[in-house]
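Participant:
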Amino acid sequence: MKLRQSMTTLHTWGGLLPSWLLFVVIFTGTLACFDKELEHWMRPALHGSSGPASASAQQISDWLADNVSAPLHAYWIHPPTERTPFWQLGWEEDGSGQRGRAVFDPVTGAALPETLGGDFFFTLHYNLHAGQIGMYIVGLAGVFMLAALVSGVIIHRRIFKDFFTLRPRAQGQRAWLDAHNLFGVVGLPFHLVLAYTGVAIFVAAYMPAGGMVAYNSDPLAFYHEVQGGYHRNELDRPAGTPVPLDQLVTAAQQQWQSTDTGWIIVEHPADASSVVSIRRRDPSRIGSPQDTLSYDAFTGELLHQQQTPPAYRGYIWMVGLHMAQFGGSLIRLLYGVLGLAGCMMLVAGNTVWLRKRAARQTPGLHLVQALNTAVFFGLPVASLVLLWANRLIPAELEHRASIEAWSFVLTWLAVTLATLVSSRQPLARARALLGVMAALALGLPLVNFLTAPHSHLLVTFGTAPELALVDLTLLISGVLLAVAMARYRPRQPVPAARKTECGESEVTV
Amino acid sequence: MAAQHWRRLAASPLAELISRGLAALVAGYLLAFGATAFLSVYLPLPRPDRVVVASLLCFAVWVGAAVYSFAARRPLRVWVVLVTLAGVFCLAAWLPTDWRMRP
Numbered sequence: 012m013k014l015r016q017s018m019t020t021l022h023t024w025g026g027l028l029p030s031w032l033l034f035v036v037i038f039t040g041t042l043a044c045f046d047k048e049l050e051h052w053m054r055p056a057l058h059g060s061s062g063p064a065s066a067s068a069q070q071i072s073d074w075l076a077d078n079v080s081a082p083l084h085a086y087w088i089h090p091p092t093e094r095t096p097f098w099q100l101g102w103e104e105d106g107s108g109q110r111g112r113a114v115f116d117p118v119t120g121a122a123l124p125e126t127l128g129g130d131f132f133f134t135l136h137y138n139l140h141a142g143q144i145g146m147y148i149v150g151l152a153g154v155f156m157l158a159a160l161v162s163g164v165i166i167h168r169r170i171f172k173d174f175f176t177l178r179p180r181a182q183g184q185r186a187w188l189d190a191h192n193l194f195g196v197v198g199l200p201f202h203l204v205l206a207y208t209g210v211a212i213f214v215a216a217y218m219p220a221g222g223m224v225a226y227n228s229d230p231l232a233f234y235h236e237v238q239g240g241y242h243r244n245e246l247d248r249p250a251g252t253p254v255p256l257d258q259l260v261t262a263a264q265q266q267w268q269s270t271d272t273g274w275i276i277v278e279h280p281a282d283a284s285s286v287v288s289i290r291r292r293d294p295s296r297i298g299s300p301q302d303t304l305s306y307d308a309f310t311g312e313l314l315h316q317q318q319t320p321p322a323y324r325g326y327i328w329m330v331g332l333h334m335a336q337f338g339g340s341l342i343r344l345l346y347g348v349l350g351l352a353g354c355m356m357l358v359a360g361n362t363v364w365l366r367k368r369a370a371r372q373t374p375g376l377h378l379v380q381a382l383n384t385a386v387f388f389g390l391p392v393a394s395l396v397l398l399w400a401n402r403l404i405p406a407e408l409e410h411r412a413s414i415e416a417w418s419f420v421l422t423w424l425a426v427t428l429a430t431l432v433s434s435r436q437p438l439a440r441a442r443a444l445l446g447v448m449a450a451l452a453l454g455l456p457l458v459n460f461l462t463a464p465h466s467h468l469l470v471t472f473g474t475a476p477e478l479a480l481v482d483l484t485l486l487i488s489g490v491l492l493a494v495a496m497a498r499y500r501p502r503q504p505v506p507a508a509r510k511t512e513c514g515e516s517e518v519t520v
Numbered sequence: 014m015a016a017q018h019w020r021r022l023a024a025s026p027l028a029e030l031i032s033r034g035l036a037a038l039v040a041g042y043l044l045a046f047g048a049t050a051f052l053s054v055y056l057p058l059p060r061p062d063r064v065v066v067a068s069l070l071c072f073a074v075w076v077g078a079a080v081y082s083f084a085a086r087r088p089l090r091v092w093v094v095l096v097t098l099a100g101v102f103c104l105a106a107w108l109p110t111d112w113r114m115r116p
C-alpha cells in the first residue's frame, strides 16, 4: 500500500469514529470562548444595576460560613473583573469531595439566583460533565483529532491549489469534499495548536511516565517541584481566628505592585494548618503569571512565593494559548470563528463519508446518518433551549440550575429519538432541524425582551455591548440558519404543502 | 477446516484494519510512555524541566506511532517494532535507580 493510500485509511476511520464526540468538544469549546459573556448574559439580576463595587472577599467568605455547614477541604473566591462583573465562589467539602458554586452581586454582595451559566459549556468541553472518566475520553478524542489532522495533510497532494477550489454546483460529494478541505485547511494551524495544547493541559494525568520514573511515583513531590508551589499538610488541630481575607489581598497587591487579583484559595479552613494562596491575574499575557503568594491564614505571615521552573512556564504558556483569556475580544472572536470552521470541517467530512458510500448501500450508513443528525443538530438545538430555559424558569425557583440541565438533556434526547423514529429522508430532516434552530435563535432576543426588563437589546444596545452582542449573534445566526434552510432543498421537487408540514411536525417534537 | 477459516479471517482487510487501529492506540501509547520515561531521565536538564519537556512531547510520539501503524507494510511488524522500542526505552529509563531521580 502506498503511503497516501494507507493514510486515507487512517484519516477515514480515525476521523469518522470520534467525529461526533469531537463535534461536542469543538462546538462547546467554541461557545466556551465566550463562557464569561454567556455567564453574564445568563444572570439578568446583574443587568442594569450600578453603584460602587463595595462587596469584599470577607463578605463572600462569611456567606459560605453561614450557608454551608459541612467541613470544607478548600474554597476559592474570585473578585469581579471587566468580563465577570460579579464575585465568584467555589468550594469542596471534606471527605465527600462534593463541590459547590455561587455568584454574588458586586454592589450588595447578595447571592444571585443559580444558573448553569457559561461554565456549563466549558465543563462539557473538557470532561463532558463526567469527571475523571470524561476527561480521559476527551483526551483520547484529542489524540484522534491530531492523528486525523496529520494524516489529512499527508493525503492532501495539492494542499495549496485545492484551497482555492470550491465547486458548490458540482456533484454533491465533490462539493462537500471541497468544503471539508476549505474548512480544514483554513483552520489547520489553529486546529493543530488547539488539539495539541488541549491534550497537553491534563498531560500529567494522561502520561504519568515522567512522574513515575523521575519522582518514584510520588505525586506530592512531583507537583511541588514542577509547579514550584506550596502545600502544608493538615495538623488535625482546631483553627484559630483567621486574618480577614481582604487584609491578605492588600498585602499581596503591595508585594506584586499590582491590583489585579485572580483566585484567592483557602485550603482546609477549619484546621490550624490553613493556608491562603492568592494568585495574580494578568490578561495581557498568554500564560498566566505564576507568582502565587501563600499566607498563613491565622498569622498573615507570608510563607512562600511561587517560583516556577522554566519548562513549567512553557506549559502554562501552552495552556494559556488554549484558554484564550489573553489579548481581548478580538482574539476570542478569531478563536470562535476558527472553532466553527472546525465544526464545519467535521460535518463536511462525515457527509463526504456518507456520499461516497450512499450508492453502494454500505452497512452502517443509516447509523452514521442518524448519529450525524442527532449530534450535529441535537447539540445546538439543546444549547439554544438551555438559554430559553434560563430566561423562562422563575428566578426564585429552587434547583433552578438542575431544571436548566434537564431542559438541555431532554431536548437533546428528543431530537435523537425523533431522528431514530422519523422515516423522513435525511435531507428533509436536516431542513426541518435547521428551521427549528433558526426559530429558537430568532426567538431568544424576543423572550429576553419579554422576561428580562434590563437585559434585552433595546436597553443593552449602546450601554452594555457585551450583553447586546449575545442577542445580536443570536439574531444573525437565526437569519443565517433560516437562509440555509431555504437554500438547502432536496434536488427532486417536493410539493410545497408537504414541506411546511414537515417543518411544523418537527417543531412540536 | 476451522484453522483455515481462522487464517482467512486473520488475513481479511477488516482484521488488518482492526490490528493496525489497535496498534496505533495501544502500542502507540506504550511507545509514548516509554519515550516519555526515557527523556525524563536522559534529557540534559534539571529534573522538573526534564519531566515537563518529555511529557509535552509524548503526544507527538503517539501520533507518529499511529501514522507508522498505518504506513508500515506488514501489520504484525508494527506491534513488534513499537512494543520492542517501548520496552527498550522503559528498561533504559528505570534501570539506573539513583540516577533517574537526580535533581
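Chains as they are written, first to last, in the working numbering: chain A, 12 to 520; chain B, 14 to 116. By construction, the Cβ of each residue, glycine as well, lies at the ideal position given by its N, Cα and C atoms. Just so we're clear, the structure is a prediction, and the values are computed from it rather than from any experiment.
1) In whole angstroms, what separates the C-alpha of A/Leu491 from that of A/Ala497?
2) Which value, in whole angstroms, describes the spacing of the CA atoms of A/Leu100 and B/Phe83?
3) Which ranges would you report for the beta strand (DSSP E) in the region 437–504 of chain A if only whole runs of at least 3 residues count?
4) Looking at the structure shown, is A/Ala385 part of a helix, part of a strand, or coil, going by DSSP?
5) Give me the Cα-Cα distance between A/Asn149 and B/Pro109, rounded to the nearest whole angstrom.
6) With a CB to CB cut of under 8 angstroms and the five nearest residues on each side skipped, what residues in its chain are close to A/Thr23?
7) From which residue to which residue does the alpha helix (DSSP H) around A/Ile327 run?
8) Measure from the C-beta of B/Ala67 to each C-beta in chain A and report whether the shortest distance is under 7 angstroms.
9) Kindly say whether B/Ser53, judged by its beta-carbon, lies nearer than 7 angstroms to any beta-carbon of chain A.
10) Considering A/Glu415, what are the terminal residues of the alpha helix (DSSP H) in which it resides?
11) According to DSSP, is A/Pro94 part of a helix, a strand, or is it coil?
12) Starting from the beta carbon of B/Pro61, find every residue of chain A whose beta carbon is closer than 7 angstroms, and list them in chain order.
13) Under a Cβ-count criterion, where at least 16 other Cβ atoms within 10 Å of its own Cβ denotes burial, should A/Leu7 be classed as buried or exposed?
14) DSSP state of A/Arg110, grouped into three classes?
15) Give a yes or no on whether 7 angstroms exceeds the smallest Cβ distance from B/Arg113 to chain A.
16) Could you tell me if B/Ala16 is buried or exposed, where buried requires 16 or more neighbouring beta carbons within 10 angstroms of its beta carbon?
17) Specify, as a first and last residue, the run of the beta strand (DSSP E) that A/Gly273 falls within.
18) Do A/Asp116 and A/Pro82 come within 7 angstroms of each other at the CB atom, strictly closer than that value?
19) So is A/Arg509 buried or exposed if we call it buried at 16+ other beta carbons inside 10 Å?
20) Kindly indicate which three-state DSSP category A/Ala283 falls into: helix, strand or coil?
21) Of the residues A/Pro300, A/Thr252, A/Val161, A/Ser284, which one's Cα is nearest the Cα of A/Trp274?
22) Can you find at least 3 beta carbon pairs, one from the region 47–59 of chain A and one from the region 464–482 of chain A, that sit closer than 8 angstroms?
23) Under 7 angstroms between the Cβ atoms of A/Thr384 and A/Thr422?
24) So with CB distances below 7 angstroms, who are the chain A contacts of B/Thr49?
25) Beta carbons nearer than 8 angstroms to chain B: which residues of the region 23–49 of chain A have them?
26) Check whether chain B comes within 7 angstroms of A/Val426, counting only Cβ atoms and requiring the distance to be less than that.
27) Here's the rule: buried if 16 or more other CB atoms are within 10 angstroms of the residue's CB, otherwise exposed. What is A/Glu236?
28) I'd like to know whether the C-beta atoms of B/Ala99 and B/Leu43 end up nearer to each other than 7 angstroms.
29) Can the beta-carbon of A/Ser30 be found closer than 7 angstroms to that of A/Leu357?
30) Taking the straight line between their C-alpha atoms, what separation do you get for A/Cys44 and A/Ile212?
31) Tell me whether the beta-carbon of A/Phe233 lies closer than 7 angstroms to the beta-carbon of A/Gly222.
32) Under DSSP, the alpha helix (DSSP H) around A/Leu21 begins and ends at which residues?
33) Nearest-angstrom Cα distance between B/Gly47 and B/Cys103?
34) Tell me which residue opens and which closes the beta strand (DSSP E) that A/Ser305 is part of.
35) Consider the Cβ of A/Leu157: report whether some Cβ of chain B lies at a distance smaller than 7 angstroms.
36) Closer than 7 angstroms, CB to CB, is B/Phe72 near chain A or not?
Facilitator: Quick answer:
1) The alpha-carbon of A/Leu491 is positioned some 10 angstroms away from that of A/Ala497.
2) Straight-line Cα distance between these residues: approximately 49 angstroms.
3) If you keep only unbroken beta strand (DSSP E) runs of at least 3 residues inside the region 437–504 of chain A, you get nothing at all.
4) Note: A/Ala385 maps to helix in three-state DSSP.
5) First, the amino acid is wrong: residue 149 of chain A is Val here, not Asn. In this model, A/Val149 and B/Pro109 are separated by some 35 angstroms (Cα to Cα).
6) If we look at A/Thr23 and ignore the five residues flanking it on each side, its Cβ neighbours are Trp364.
7) Taken as a continuous stretch (DSSP letters only), the alpha helix (DSSP H) holding A/Ile327 covers 321–334.
8) With 7 angstroms as the cut-off, B/Ala67 counts as an interface residue toward chain A.
9) Taking 7 angstroms as the threshold, the shortest C-beta distance from B/Ser53 to chain A falls below it.
10) Under the DSSP assignment, A/Glu415 falls in the alpha helix (DSSP H) whose first and last residues are 411–432.
11) Reading the sequence as shown, one finds Arg at residue 94 of chain A and not Pro. Three-state result, A/Arg94: coil.
12) In chain order: Glu236, Val237, Pro320, Ala322, Tyr323.
13) Past the edges of chain A, shown from 12 to 520, lies residue 7 of chain A, and the structure says nothing about it.
14) Three-state result, A/Arg110: strand.
15) Interface annotation, B/Arg113: in contact with chain A, CB-CB separation under 7 angstroms.
16) Answer is exposed; the Cβ neighbour count stays below 16.
17) Per DSSP, A/Gly273 belongs to the beta strand (DSSP E) from 272–278.
18) Cβ distance not < 7 angstroms, so A/Pro82 and A/Asp116 don't count as in contact.
19) With a pLDDT of 41 at A/Arg509, under the threshold of 50, the modelled position of that residue is not reliable, and the figure given next carries that caveat. Classification for A/Arg509: exposed.
20) In this structure, A/Ala283 counts as coil in the three-state DSSP scheme.
21) Ranking A/Pro300, A/Thr252, A/Val161, A/Ser284 by Cα distance to A/Trp274 puts A/Pro300 first.
22) Yes, the region 47–59 of chain A touches the region 464–482 of chain A.
23) No, they are not a contact pair.
24) One finds Met218, Ala220, Gly221 in chain A with Cβ atoms closer than 7 angstroms to the Cβ of B/Thr49, taken in chain order.
25) Of all residues in the region 23–49 of chain A, Trp24, Gly25 have a Cβ within less than 8 angstroms of some Cβ in chain B.
26) So no, A/Val426 is outside the interface.
27) Counting Cβ neighbours within 10 Å, A/Glu236 comes out buried, since at least 16 surround it.
28) Yes; because the gap between Cβ atoms is below 7 angstroms, this pair is in contact.
29) Yes. Within cutoff.
30) A direct Cα-Cα distance of roughly 16 angstroms separates A/Cys44 from A/Ile212.
31) For A/Phe233 and A/Gly222, yes; Cβs fall inside 7 angstroms.
32) Secondary structure note for A/Leu21: its alpha helix (DSSP H) is the uninterrupted segment 14–27.
33) About 5 angstroms.
34) In the DSSP assignment, A/Ser305 falls within the unbroken beta strand (DSSP E) covering 304–307.
35) So, interface residue.
36) So yes, B/Phe72 belongs to the interface.
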